[in-house]
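Chemist: First residue of the sequence shown? That's 78 in this note's numbering, and the numbers climb one at a time after it.
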Amino acid sequence: MMVPLTRNKKLKLAITYNEEVLFNSDTLPKIISYLPSIDVLNLALTSTRFSELNNNELSLIEESARIAVHDIATEEQLAALPRYESESSLADYHYLQLLRAPFCLISLLIMLSM
(Lines of atoms letter the chains of each structure in order from A and count residues from 1; the text may use other names and numbers.)
(Lines give C-alpha, C1' and ligand atoms only; values in the text may rest on other atoms or scores of the structure.)
Protein backbone atom coordinates (compact mmCIF):
# COMPACT_ATOMS: atom_id res chain seq x y z
CA MET A 1 0.00 0.00 0.00
CA MET A 2 1.41 3.40 -1.00
CA VAL A 3 1.55 6.17 1.53
CA PRO A 4 0.16 9.42 0.08
CA LEU A 5 2.67 12.22 -0.22
CA THR A 6 2.17 15.35 1.81
CA ARG A 7 2.04 18.75 0.15
CA ASN A 8 5.60 19.61 1.28
CA LYS A 9 7.03 16.36 -0.08
CA LYS A 10 5.28 16.93 -3.42
CA LEU A 11 6.70 20.46 -3.58
CA LYS A 12 10.24 19.24 -2.80
CA LEU A 13 10.00 16.54 -5.46
CA ALA A 14 8.76 19.08 -8.01
CA ILE A 15 11.58 21.51 -7.21
CA THR A 16 14.19 18.76 -7.39
CA TYR A 17 12.88 17.61 -10.77
CA ASN A 18 12.77 21.19 -12.11
CA GLU A 19 16.34 21.83 -10.94
CA GLU A 20 17.54 18.64 -12.63
CA VAL A 21 15.92 19.66 -15.91
CA LEU A 22 17.00 23.30 -15.80
CA PHE A 23 20.53 22.93 -14.48
CA ASN A 24 21.74 19.89 -16.37
CA SER A 25 24.58 20.07 -18.85
CA ASP A 26 22.26 19.79 -21.87
CA THR A 27 19.83 22.60 -21.07
CA LEU A 28 22.14 25.27 -19.66
CA PRO A 29 24.22 25.85 -22.86
CA LYS A 30 21.04 26.49 -24.81
CA ILE A 31 19.88 29.03 -22.22
CA ILE A 32 23.31 30.67 -22.08
CA SER A 33 23.36 31.20 -25.85
CA TYR A 34 20.52 33.75 -25.41
CA LEU A 35 22.19 35.69 -22.57
CA PRO A 36 24.67 38.56 -22.85
CA SER A 37 28.15 37.60 -21.69
CA ILE A 38 27.98 39.96 -18.69
CA ASP A 39 24.91 38.11 -17.40
CA VAL A 40 26.64 34.75 -17.79
CA LEU A 41 29.63 36.08 -15.87
CA ASN A 42 27.37 37.45 -13.13
CA LEU A 43 25.67 34.07 -12.90
CA ALA A 44 29.03 32.36 -12.48
CA LEU A 45 30.16 34.83 -9.82
CA THR A 46 26.99 34.90 -7.74
CA SER A 47 25.90 31.27 -7.71
CA THR A 48 28.15 28.63 -6.18
CA ARG A 49 25.90 26.00 -7.75
CA PHE A 50 27.27 26.98 -11.17
CA SER A 51 30.83 27.88 -10.28
CA GLU A 52 31.89 24.92 -8.13
CA LEU A 53 34.68 22.81 -9.61
CA ASN A 54 34.59 19.03 -9.37
CA ASN A 55 37.92 17.19 -9.44
CA ASN A 56 39.76 19.66 -11.71
CA GLU A 57 36.90 19.67 -14.21
CA LEU A 58 35.29 22.78 -15.63
CA SER A 59 32.47 24.28 -13.61
CA LEU A 60 28.95 23.84 -14.95
CA ILE A 61 28.84 27.41 -16.22
CA GLU A 62 32.31 27.14 -17.85
CA GLU A 63 31.39 23.89 -19.57
CA SER A 64 28.08 25.35 -20.71
CA ALA A 65 29.82 28.45 -22.10
CA ARG A 66 32.31 26.21 -23.95
CA ILE A 67 29.48 24.19 -25.49
CA ALA A 68 27.53 27.34 -26.38
CA VAL A 69 30.57 28.85 -28.15
CA HIS A 70 31.09 25.74 -30.24
CA ASP A 71 27.37 25.45 -31.01
CA ILE A 72 26.78 29.02 -32.21
CA ALA A 73 30.14 30.06 -33.70
CA THR A 74 31.13 29.46 -37.29
CA GLU A 75 34.58 28.15 -38.22
CA GLU A 76 35.68 31.67 -39.19
CA GLN A 77 34.49 33.10 -35.88
CA LEU A 78 36.27 30.36 -33.91
CA ALA A 79 39.48 31.08 -35.82
CA ALA A 80 39.13 34.81 -35.10
CA LEU A 81 38.81 34.37 -31.34
CA PRO A 82 41.92 35.58 -29.52
CA ARG A 83 43.89 32.80 -27.85
CA TYR A 84 45.57 33.48 -24.53
CA GLU A 85 47.10 31.03 -22.12
CA SER A 86 44.71 29.90 -19.36
CA GLU A 87 41.76 31.80 -20.82
CA SER A 88 38.32 30.67 -19.75
CA SER A 89 35.34 29.70 -21.87
CA LEU A 90 33.51 32.71 -20.44
CA ALA A 91 36.09 34.98 -22.07
CA ASP A 92 35.67 33.13 -25.38
CA TYR A 93 31.92 33.61 -25.12
CA HIS A 94 32.43 37.33 -24.47
CA TYR A 95 34.78 37.71 -27.44
CA LEU A 96 32.36 35.79 -29.64
CA GLN A 97 29.56 38.16 -28.73
CA LEU A 98 31.83 41.11 -29.55
CA LEU A 99 32.61 39.57 -32.94
CA ARG A 100 28.93 39.02 -33.69
CA ALA A 101 27.83 42.51 -32.61
CA PRO A 102 27.42 45.30 -35.16
CA PHE A 103 30.76 46.94 -35.78
CA CYS A 104 31.27 50.44 -34.42
CA LEU A 105 34.17 52.53 -33.23
CA ILE A 106 33.40 51.94 -29.56
CA SER A 107 33.60 48.16 -29.92
CA LEU A 108 36.91 48.57 -31.75
CA LEU A 109 38.29 50.63 -28.88
CA ILE A 110 37.08 48.03 -26.38
CA MET A 111 38.75 45.22 -28.31
CA LEU A 112 42.00 47.18 -28.49
CA SER A 113 42.01 47.93 -24.77
CA MET A 114 41.81 44.23 -23.83
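For each residue, glycine too, the CB sits at the ideal point set by N, CA and C.
1. Tell me which same chain residues have a C-beta within less than 7 Å of the C-beta of residue 176, skipping the five on either side of it?
2. Nearest CA to the CA of residue 121: which residue from 189, 149, 168?
3. Measure the beta-carbon distance from residue 109 to residue 145 and round it to whole angstroms, keeping in mind my assumption that it falls under 8 Å.
4. Go ahead and label residue 138 buried or exposed: buried means 16 or more other beta carbons lie within 10 angstroms of its beta carbon, across all protein chains shown.
5. Runs of 4 residues minimum, wholly inside the region 109-164: which ones carry the alpha helix (DSSP H) assignment?
6. Determine, using beta carbons only, whether residue 113 and residue 141 come nearer to each other than 8 Å.
7. For residue 179, which three-state DSSP category applies?
8. For residue 159, which residues in the same chain have their Cβ closer than 7 Å to its Cβ, ignoring the five residues on either side in sequence?
9. Taking the alpha carbon of residue 148 as the point to measure from, which residue in 164, 163, 170, 134 has its own alpha carbon closest?
Modeler: The answer reads as follows:
1. Excluding residues within five positions, the ones whose Cβ falls inside 7 Å are 154, 157.
2. Cα-wise, what sits closest to residue 121 is 168.
3. Contact flag correct, Cβ pair sits at about 5 Å.
4. Residue 138 should be labelled buried.
5. With a minimum length of 4 residues, the continuous alpha helix (DSSP H) runs that stay inside the region 109-164 are 114-123, 125-128, 137-149, 152-157.
6. Going by beta carbons, residue 113 and residue 141 fall outside the 8 Å limit.
7. When DSSP states are grouped into helix, strand and coil, residue 179 belongs to the coil group.
8. Within the same chain, residue 159 has close Cβ partners 172.
9. Closest option to residue 148, Cα to Cα, is 170.
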